[in-house]
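J.: I have a structure I would like to understand better, so I am pasting it below and will then ask my questions one at a time.
Residue numbers (the numbering used here): 88 to 864.
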């Protein structure tokens, strides 16, 4: 790399390190806590644009000398900056698919073969090369095998006897592994381990001894306080304690890498406790700095957070804090400033993109931490979900994350993933408050998947009792048939492994495996294909064969900035049967109505007989099975409608049996007024109401993929039917599902409008009822 001349060789080394990695620790003032996906994606786009404009013909992002020209340490890092930038751009291309990041157009078209041809003479460059090439699509157009073989051999031979790494000029192929002892530093060492990890995931055989030596090194280099420093010498830990914020994440991430290979086959009912990890996490939880602006150090924290699954350090959501800090730091040209002297911002910008992009990826499963520490019984298989997300990311060609959520945290923090995963050897003992949090998650549209460690019957039976308690004893577990949508969500590939399910009539809310699937995922037993395909099916089922939103998007609806100006009471009709399969649907819609329209919606459970149009101007009736009302119920509902009330009906999940029962009910109630199609110019569809409130235009809507696939056509017009009384729509019927759409989830097997259009329709129904309420006349 090209730097100003320095007299001391040690200064050359330090400047080279600072230039490549952006060392230095500074703190920026705290900014606003909130950060949106649009802000993050906008920052990523600007950063990508900056890097693309800084590419130079034939040199790409290199600023130094060619290998072998001029000699010295600066020559040995040739290619490293380009490999680092390529890694960051490939991550962005995988997740955001930006048109500007085209693998077959300049500058990537030339940068990829440039990096493939590198034969590095430095630890950093070999690591960057391996991690960049690991992100290339698995196509024969790029032959990376020789590069991976070189990197693995180089990094194995460059490891010191005590497990550390330095800049490591290549010692030669005949050198034994590991090489002679010598001085080391934590930065080179973490990247040496990371490079070997990339080679292992590419499929190269790495001696188990390597991971034992690597782990031993980090354990010996750790200070008693739990942090790690920078410089190190043979037999002595790193001396400096002033950079714990930078190198403690380096030590933790490297230990997680080592433990991934050393403890993969553990059969313990608890995770193998790593005291160095426990101590390091304790230090990081106490000392996490949310506002630091060192992008190199941030990336170390990202690696630790993603490897452990931990969403928070201390009381901080590390990704949200870092995203806000980076957005505030970004320069007008899209770059992030270097952290030392006149260093180019290229490396710092590449690290910033890695932080923003990797952390933003969708979260597929949250793993429930229900004991008091990281190495509790809930985590007997620490790498189960990490391996699943890696497998599915490769299968679906989109990166996925997982994370850990604590049973003591509010359920709204679990809602950025559709599936909550629980594992254990014994049944958890939950308090009433914890049961209530689980209930909120399930009622909000979440699904729980449980795997018993070593097939524990105690855990399985206990968790089934908890599930029934969570859902009020309204539903029973059953063994899923081979025709279950969990198995048949892909018609061309029927997957089957025994599972027990609990359904609310609309969707499966709890799935319990009788076998230790988590252990299979932990051990990466890819020969058991069906157990990996099951994870893929869970993803497709929970997402409705669509893509998950990113990490920052959640089903939780915040409170409005100002109090509502209008109000309405909505009655949920109670009857003997499954009258409220999705208890979280209307409460969530009520929050949306307050946020979008300033309309306060009070939701009440009400019997037909007690319905009063002035007190409750809108009733909602739904169900999942045939319903036979009593004559008293029929008379009460008719009286309610005749005196100004409004009734909205939908078939939860798209139940044809409930639809048929409703049509019979209405035919008996108003034999002279058959259901007719609500026209496109009706206010319920146009969103134009009397009064100050204006609703949504529903002339063109979208239906779920399941609805379109099972009906073999795509529908774009709303299909609503109704009965008019006194120049108003007193009854509005949707034969397809609206209720579950109000949750915002997109579960497979539901026939109805998409969540977005379900919510818009329900808002229009509320506004229409407000405009025609008896009390307003």
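Each residue gets a CB set at the ideal place from its N, CA and C atoms; glycine is no exception.
Once the 5 residues before and after residue 793 are set aside, which same chain residues still bring their CB inside 7 Å of it?
T.: 631, 835, 836, 837, 838
J.: The beta strand (DSSP E) spanning residue 489 covers which residue range?
T.: 488-493
J.: Could you tell me which of 284, 305, 289 sits nearest to residue 295, measuring between CA atoms?
T.: 284
J.: Just confirm the distance between the C-beta atoms of residue 605 and residue 538, as a whole number of angstroms; I'd bet it's less than 8 Å.
T.: 4 Å
J.: Please state whether DSSP places residue 841 in a helix, a strand or coil.
T.: coil
J.: Taking the alpha helix (DSSP H) that residue 780 belongs to, which residues open and close that run?
T.: Element bounds for residue 780: n/a, residue is neither H nor E.
J.: Rounding to the nearest angstrom, what Cα-Cα distance links residue 482 and residue 473 in this structure?
T.: 14 Å
J.: In whole angstroms, what separates the C-alpha of residue 410 from that of residue 332?
T.: 17 Å
J.: Give, in chain order, every unbroken run of the beta strand (DSSP E) that is at least 3 residues long and sits entirely within the segment 780-825.
T.: Fully enclosed beta strand (DSSP E) runs of 3 or longer: 808-812, 815-821.
J.: Between which two residues does the beta strand (DSSP E) holding residue 656 run?
T.: 653-661
J.: Is residue 742 helix, strand or coil when you go by DSSP?
T.: coil
J.: How is the alpha helix (DSSP H) around residue 515 delimited, first residue to last?
T.: Per DSSP, residue 515 belongs to no alpha helix (DSSP H) and is neither H nor E.
J.: Within the same chain, show all residues whose beta-carbon is closer than 6 Å to that of residue 313, passing over the 5 residues directly before and after it, in chain order.
T.: 366, 367, 369, 370
J.: At which residue ranges does the segment 563-633 contain complete alpha helix (DSSP H) runs of 4 or more residues, listed in the order of the chain?
T.: 572-575, 604-609, 616-630
J.: Alpha carbon to alpha carbon, how far is residue 207 from residue 251?
T.: 18 Å
J.: State the DSSP-derived secondary structure class of residue 854, mapped to helix, strand or coil.
T.: helix
J.: Can you find a CB in chain B that lies within less than 8 Å of the CB of residue 125?
T.: Any reference to chain B falls outside this structure, which holds one protein chain only.
J.: Is residue 238 closer than 8 Å to residue 217 when the C-beta atoms are compared?
T.: Against a cut-off of 8 Å, the Cβ pair of residue 238 and residue 217 comes out as a contact.
J.: Taking the straight line between their C-alpha atoms, what separation do you get for residue 705 and residue 665?
T.: 20 Å
J.: Please confirm whether residue 638 and residue 317 have their CB atoms less than 8 Å apart.
T.: no
J.: On a Cα-Cα basis, can you pick out the residue from 121, 219, 684 that is closest to residue 177?
T.: Taking residue 177 as reference, the option from 121, 219, 684 with the minimal CA-CA separation is 219.
J.: Let's see if you can read the secondary structure: which residues bound the alpha helix (DSSP H) around residue 126?
T.: DSSP places residue 126 in the uninterrupted alpha helix (DSSP H) bounded by 124-140.
J.: Report all residues from its chain with a CB closer than 7 Å to the CB of residue 458; omit the five preceding and five following residues, and keep chain order.
T.: Non-local C-beta neighbours of residue 458 in its own chain, meaning closer than 7 Å and more than five positions away in sequence, comprise 464, 465, ordered along the chain.
J.: Tell me, which residues are paired with residue 539 by DSSP?
T.: 511
J.: In three-state DSSP terms, what is residue 715?
T.: Three-state result, residue 715: coil.
J.: Could you please give the first and the last residue of the uninterrupted beta strand (DSSP E) stretch that includes residue 144?
T.: Counting along the chain, residue 144 falls outside any beta strand (DSSP E), and DSSP gives it neither H nor E.
J.: State the start and end residues of the unbroken beta strand (DSSP E) segment that holds residue 707.
T.: 705-708
J.: How many angstroms separate the CA atom of residue 165 from the CA atom of residue 274?
T.: 18 Å
J.: Do you know offhand how far residue 414's Cα is from residue 378's?
T.: 11 Å
J.: With residue 452 as the anchor, note down where its beta strand (DSSP E) starts and where it stops.
T.: 450-456
J.: If contacts are defined as beta-carbon pairs under 8 Å, then residue 306 and residue 363 qualify, I think. What distance do you get, rounded to the angstrom?
T.: 5 Å
J.: Cα-Cα, which of 642, 598, 648 is closest to residue 624?
T.: Residue 624 has its Cα closest to that of 598, out of 642, 598, 648.
J.: Leaving out five residues before and five after residue 615 in sequence, what residues of the same chain have Cβ atoms less than 7 Å from its Cβ?
T.: 607
J.: What do you get for residue 634, buried or exposed, if any count of 16 or more other CB atoms within 10 angstroms of its CB means buried?
T.: exposed
J.: What does a CB cutoff of less than 8 Å around residue 119 pick up in its chain, not counting 5 residues either side in sequence?
T.: Residue confidence is low: residue 119 scores 36 on pLDDT, short of 50, so the model does not pin down where it sits. No coordinate-derived value is stated.
J.: Residue 175: which of 376, 309, 433, 658 sits nearest, CA to CA?
T.: 433
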